[in-house]
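**Student:** Quick one: this structure, given as structure tokens, is what I'll be asking you about.
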Amino acid sequence: MSRDIAAVKRYAKALYEVAREQNLIAKVEEDLRVVSSTIRGSVELQTLLDHPGISADKKKSVIGALFDGRVEVAVFNTLLLLLERRREAILPVLAEHYTNISNKEQGRADAIVTTPIPLTPAEMERVAERFGKLTGKTIRVTGNIDTKLLGGMQVKIGDRLYDGSLSGKLARLQKTLIGSQA
57 MSRDIAAVKR YAKALYEVAR EQNLIAKVEE DLRVVSSTIR GSVELQTLLD
107 HPGISADKKK SVIGALFDGR VEVAVFNTLL LLLERRREAI LPVLAEHYTN
157 ISNKEQGRAD AIVTTPIPLT PAEMERVAER FGKLTGKTIR VTGNIDTKLL
207 GGMQVKIGDR LYDGSLSGKL ARLQKTLIGS QA
């Protein structure tokens, strides 16, 4: 598995370099997300790609039918190269690693903002500004709804979780009260 992680990082970095040279960083990222969601969204496609008895040529023809002319040439060629080298397993996670490299190179971070009700675009912008100041990066915000939060919000940036939700505060209060009774 660690070989796969090292490999996906190498391919993602190489693809990022090509995209940067061609001024297509955002388009390649978008195309990789489409590829990843297509693969993850189809059990049949995952089964085909994971099956060791199916030839690389057959897999290439399926990928070609799905993505040829629909994604950037660099993305399509990378997909074919991965299939040729029997690296199908890293196809679904290539987008994630590419995005990580792109974010790091551009001083950007992705934030998942979870709230009990949808935020307005203006509220999302304020969250992006506030956490941008906190992290020193440009923040791209994605909204998520979780009615169990009761109120407030949780913001996840990378591996960090900023929990300002009411349910999070109640859990911390409960932990404090239980700890003080011991």
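Quick note: to get this note's numbering, add 56 to the position in the sequence shown (first position is 1). All C-beta atoms, glycine included, are put in the ideal place defined by N, C-alpha and C. All values derive from a computational prediction rather than experimental measurement.
(1) Starting from K166, trace the alpha helix (DSSP H) both ways and give me its first and last residue.
(2) Is the separation between the beta-carbon of G260 and that of L136 shorter than 9 Å?
(3) Within its chain, find whatever has a CB closer than 7 Å to the CB of L88; leave out the 5 residues flanking it on each side and keep chain order.
(4) Grab the span of the beta strand (DSSP E) containing L217 for me, first residue to last.
(5) Cα-Cα, which of A178, E100 and R141 is closest to A112?
(6) Looking only at its chain, what residues have a beta carbon closer than 6 Å to the beta carbon of V127, apart from the 5 residues adjacent to it on each side?
(7) Measuring only the C-alpha atoms, how far is A68 from T232?
(8) Report the partner residues of Q102 according to the DSSP bridge assignment.
(9) Tell me, please, which residues DSSP counts as bridged to I61.
(10) Check for me: the beta strand (DSSP E) holding I213 runs from which residue to which?
(11) Can you give me the Cβ contacts of Y72 inside the same chain, cut-off strictly under 8 Å, excluding the 5 residues immediately before and after it?
(12) Can you round the beta-carbon distance between D202 and T170 to whole angstroms, since I take them to be within the 8 Å contact cut?
(13) Considering only C-alpha positions, which residue in the set E77, V74, Q78 and P148 is nearest to V99?
(14) What would DSSP say about G235, mapped onto helix, strand or coil?
(15) Looking at the structure shown, is T203 part of a helix, part of a strand, or coil, going by DSSP?
(16) For R196, does the three-state DSSP call read helix, strand or coil?
(17) In three-state DSSP terms, what is Q78?
**Tutor:** Quick look at the numbers:
(1) If you number the sequence shown from 1, residue 166 lands on position 110. The sequence shown places Asp at residue 166, not Lys. It is not in any alpha helix (DSSP H) - D166 instead sits in the beta strand (DSSP E) that spans R164 to T171.
(2) Given a span of 57 to 238 for the chain in the structure shown, any question on residue 260 remains unanswerable.
(3) As a position in the sequence shown, residue 88 is number 32, starting the count at 1. Counting only Cβ-Cβ distances below 7 Å, and skipping sequence neighbours, we find V131, L150, A151 and Y154.
(4) To locate residue 217, count along the sequence shown from 1; it is residue 161. Here the beta strand (DSSP E) through L217 covers R216 to D219.
(5) In the sequence shown, the residue the question calls residue 112 occupies position 56. Nearest option by C-alpha distance: R141.
(6) Working through the sequence shown from its first residue, we reach residue 127 at position 71. Same-chain partners within the cutoff: D87.
(7) Counted from its first residue, the sequence shown places residue 68 at position 12. Counted from its first residue, the sequence shown places residue 232 at position 176. Between A68 and T232, the C-alpha separation is close to 44 Å.
(8) Start at 1 with the first residue of the sequence shown, and residue 102 comes out as number 46. In DSSP, Q102 forms no bridge with anything.
(9) Indexing the sequence shown from 1 puts residue 61 at position 5. None, per the DSSP bridge assignment.
(10) For the purposes of this step, residue 213 is identified with residue 157 of the sequence shown, where counting begins at 1. Unbroken beta strand (DSSP E) run through I213: Q210 to I213.
(11) Here residue 72 is taken as the residue at index 16 of the sequence shown, counted from 1. Around Y72: I81, V84, Y154, I157, S158 and E161.
(12) Here residue 202 refers to the residue found at position 146 when the sequence shown is read from its first residue. Here residue 170 refers to the residue found at position 114 when the sequence shown is read from its first residue. About 5 Å; that satisfies the 8 Å criterion.
(13) One-based indexing of the sequence shown puts residue 99 at position 43. Ranking the options by Cα distance to V99, first place goes to P148.
(14) Here residue 235 is taken as the residue at index 179 of the sequence shown, counted from 1. Three-state result, G235: helix.
(15) Counting from 1 along the sequence shown, the entry for residue 203 is found at position 147. Three-state result, T203: helix.
(16) The count along the sequence shown starts at 1 and reaches residue 196 at position 140. R196 falls in the strand class under three-state DSSP.
(17) As a first step, residue 78 is located in the sequence shown; it is residue number 22 there, counting from the start. Looking at Q78 - three-state DSSP - the assignment turns out to be coil, as it is neither helix nor strand.
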